[in-house]
Structure formats: structure tokens, C-alpha cells
Amino acid sequence: MTAETILAIRDLLKRARQILITSHIRPDGDAVGGVLALGLALQERGQEVQMVLNDGVPATFRHLPGSDRVQTAPSGKYDLYLTLDCADLRRVGAALETCGQPDINIDHHITNQKFGRINLIEPEAVATSSILARYLKQWELPLTKAVAANLVTGIVTDTLGFRTPNTTPEALRQVADLMELGVNMPELYYRGLISRTFPAARYWGAGLASLQRDDGLVWATLRLADRQIAGYNGNDDADLINVIASIDDCRIKMIFVEQENGTVKVSWRTQEADLDVSQIAQQFNGGGHPGAAGADVPGTLEDVQARVLAATRRALSHQ
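See below:
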């Protein structure tokens with residue numbers, strides 16, 4: 000990324016009086032951590048900031064500093080609009096559809112559509128929070144313990160605790176430096192990746208019981224009824240995909256999560272360097288990374304499974 004882009008972002012952030020920051024629906028640790036880190040840094044500098052997540056902060060991340068300041072819709076004027084960790088503008092959610100084109104788009108997904116007026120896209124970064132950690136000082140923003148805790152959460156969760164193939168020495172150094180500010184990384188690791196509620200564990204049980212394997216694929220299914228029976232209030236897979244991703248002797252792992260709006264959330268994972276599951280996801284208007292991708296696919300669960308499994312098998316047959 001050019002130095003001119005970094006300086007342009009610095010100048011826009013410095014001049015803005017009222018700033019809107021958002022990320023994608025069903026926010027993960029990198030989305031939440033990135034929004035909170037940048038938002039808190041700007042507030043520390045004395046600027047007005049709206050931190051907006053269409054679906055709010057998941058229970059898993061409500062311990063993070065600043066999480067109580069997050070809104071589910073914009074509420075007032077702003078003169079600078081940023082999106083973080085969002086590869087497709089359609090994924091900001093209904094509450095932000097009328098906000099128009101973002102002024103700044105910061106992301107690490109290789110499938111990012113570069114929809115901002117200024118786009119800082121660095122696919123080699125392990126997380127959007129890692130990009131922020133690179134440039135906060137150049138943007139003349141304060142790096143407090145609260146900001147650092149959110150950056151650590153974003154980096155640790157998006158690398159699954161430094162276990163993803165794209166984990167870099169830089170990411171490890173960044174977290175080490177952030178820990179010097181007093182951040183308790185083991186606690187953030189536990190709360191972001193290990194700890195689960197009882198309903199989430201029951202929900203996992205339904206998904207694990209549904210596991211199927213065929214032709215190098217493993218997949219699980221979570222129905223609306225499973226969510227209701229378990230008492231799980233989220234609209235995601237409670238990170239079950241990261242458990243399924245550890246299964247040996249298969250090339251691609253998937254999960255199908257039925258949604259109330261008539262779509263199915265599909266996630267793909269692979270550890271194989273010669274596969275790029277983001278290309279499969281793009282066939283269904285999704286995206287992500289070569290090893291981890293997702294899409295929200297309209298249709299019934301049965302119809303979506305049939306179409307997505309067929310496309311995934313075709314991708315495998317071409318290898």
C-alpha cells in the first residue's frame with residue numbers, strides 16, 4: 000500500500016469531527032476488536048465517534064473495553080465514514096444501507112471489492128486489527144491499554160490463537176508489543192476462543208450430531224430448530240466451524256446455518272495450500288480468504304446445500 004494512502008487516511012482522521020465506524024454483520028473478534036480499537040483511539044484524542052455494528056456485540060466479546068459504547072444503528076451526523084474488516088459493502092447490514100459510500104475502507108480480505116473512496120487493503124495481514132496496529136502511530140493516534148486489548152483480541156481470534164497458515168512473525172511481534180502495555184493476552188485468548196455458554200455448547204452438540212463426510216468433504220448442518228432447542232440466541236454457528244476445521248482426512252470442511260430471513264450462512268475451511276475456498280464462496284456472492292470463506296445464500300436449507308455441495312465438489316475435481 001502506498002505511503003500516500005496512509006498519509007491521506009491520517010489527514011482525514013485528523014480533520015474529522017464526527018466519525019462513523021462499522022464492520023460486517025455477525026461480527027467476529029476482528030470486526031469487534033478493530034471497531035473498538037480505532038473508535039477508542041479517536042475518542043481518546045477528543046473526537047466524536049459512533050461505533051456501529053448492525054447485530055451488536057456478541058456475548059463472547061462484551062468484556063472488551065468500550066463494548067458498551069457500540070450502537071446497532073447510526074444516530075446523528077458524521078463527516079467521515081469508515082468500514083473495517085468488511086469485504087463487501089452489502090455486509091454492513093440493513094441499519095447502514097443508507098450511509099452511502101464509505102470514505103475509508105480498511106480490510107485484509109483478498110476478495111475485498113474496494114468500495115471505499117480510499118481503500119487500504121492488505122491481504123497479507125493476518126487480521127484487520129493487525130493493519131490498525133501497523134498504522135495507529137503513523138496516524139498519530141494514542142495506543143492505550145484499552146486500544147491494545149481490542150487489537151490483541153482481533154489478531155488472536157482471527158488467527159485462531161496463531162494457528163492459521165497465514166500467521167506471521169509480525170503478528171506475534173505485534174501482540175508481544177501490545178502485551179507490554181499490560182494486556183492480559185491469555186485471558187483474552189480464553190474468552191475469545193475457548194469460553195462458551197451452556198446454550199452454545201448444546202448448539203454445538205446438534206451440529207456435531209449432523210456431521211456427514213463424502214468425497215473429501217465434511218459438513219455440518221444447524222437448523223433454526225436446533226437453535227431454539229439449545230436456547231442459543233445468536234444467528235451464527237457459535238464458532239463450530241473452527242472445531243470442524245480440525246477434522247483430519249478431508250480436504251474441505253463446511254457448515255450450513257439456517258437463518259430466519261430465508262438464507263443459509265455457509266462457511267468453508269481448508270488447510271490445503273492448493274485450494275482457495277474464497278473462489279467457491281464468490282460463486283455465491285461471498286468471499287474471504289483462501290483457507291477460510293463464507294457466504295449468505297438465499298434459498299431453503301436443502302436447496303442451498305445441494306447447490307453449494309455441488310459447486311464445492313466441482314472445485315475439488317479440478318485439483
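Residue numbering for the sequence shown follows numbering that gives the first Met the number 0, beginning at 0 and increasing consecutively.
Here a beta-carbon is modelled for each residue, glycine too, at the ideal position from N, C-alpha and C.
Go to residue i, then tell me how far its alpha helix (DSSP H) extends in each direction, as first and last residue.
| i | result |
| --- | --- |
| D302 | 300-316 |
| V69 | Run containing V69: none; DSSP gives neither H nor E here. |
| V276 | 276-281 |
| T156 | 144-157 |
Give the DSSP bridge partners of residue i, in chain order.
| i | result |
| --- | --- |
| G32 | Partner(s): none; G32 has no beta bridge. |
| I243 | For I243, which the question treats as bridged, DSSP gives no partner whatsoever. |
| L37 | Note: L37 sits in no beta bridge, so no partner. |
| W218 | Q211, M253 |
Would the beta-carbon of residue i fall within 7 Å of that of residue j?
| i | j | result |
| --- | --- | --- |
| I130 | E121 | yes |
| R25 | D54 | yes |
| T29 | D106 | First, the residue type needs correcting, since residue 29 is Asp and not Thr in the sequence shown. Contact flag unset, no. |
| I18 | V34 | no |
| L119 | L150 | no |
| T110 | G286 | yes |
| G160 | S128 | no |
Helix, strand or coil for residue i per DSSP?
| i | result |
| --- | --- |
| V296 | strand |
| F255 | strand |
| R319 | The question about residue 319 has no answer, for the chain in this structure spans 0 to 318. |
| V91 | helix |
| N118 | strand |
| N183 | coil |
| S266 | strand |
| E3 | helix |
| Q112 | coil |
| T21 | strand |
| A291 | strand |
| G286 | strand |
| T163 | coil |
| W138 | coil |
| T196 | coil |
| K13 | helix |
| R44 | coil |
| R133 | helix |
| G55 | coil |
| L96 | For clarity, residue 96 is Glu in the given sequence; the question names Leu instead. Three-state result, E96: helix. |
| R61 | coil |
Between the options, which has its C-alpha nearest residue i's C-alpha?
| i | options | result |
| --- | --- | --- |
| T220 | E257, V242, G191 | E257 |
| H108 | G206, R312, G290 | G290 |
| L239 | I103, V217, Y202, V174 | Y202 |
| L315 | R89, Q304, I279 | I279 |
| G92 | E43, A208, V51 | V51 |
| G65 | A40, D84, Y77 | A40 |
| R312 | V296, E301, V276, L95 | V276 |
| N183 | A309, L63, G233 | L63 |
| Q46 | A72, R14, G293 | R14 |
| A86 | Y80, L177, F114, A72 | F114 |
| Q270 | L95, R250, G261, Q211 | R250 |
| I8 | V263, N104, W218, H317 | N104 |
| L142 | L180, L171, A124 | L180 |
| A224 | P101, T110, A205 | A205 |
| R268 | D236, L159, N241 | N241 |
| I254 | A237, L187, Q49 | A237 |
| L79 | Y189, G38, A305 | G38 |
| D67 | S74, P57, G75, K76 | P57 |
| S22 | L11, A2, V69 | V69 |
| S74 | G261, L95, D273, A309 | L95 |
| D213 | D235, E123, D248 | D248 |
| F261 | I243, R61, D295, H288 | The sequence given here places Gly at residue 261; Phe does not occur at that position. Checking every option, the nearest Cα to that of G261 belongs to D295. |
In the DSSP assignment, find the unbroken beta strand (DSSP E) run with residue i in it and report its ends.
| i | result |
| --- | --- |
| L320 | Summary: the structure shown does not reach residue 320, with the chain confined to residues 0 through 318, and so no result is reported for it. |
| E169 | From DSSP, E169 is part of no beta strand (DSSP E) but of the alpha helix (DSSP H) over 168-178. |
| D106 | 103-106 |
| V125 | Run containing V125: none; DSSP gives neither H nor E here. |
| Q227 | Counting along the chain, Q227 falls outside any beta strand (DSSP E), though it belongs to the alpha helix (DSSP H) covering 223-229. |
| V51 | 47-51 |
Is residue i near the ligand SAH, in the sense that its beta carbon is under 6 Å from a heavy atom of that ligand?
| i | result |
| --- | --- |
| T163 | This structure lacks the ligand SAH, and indeed carries no ligand of any kind. |
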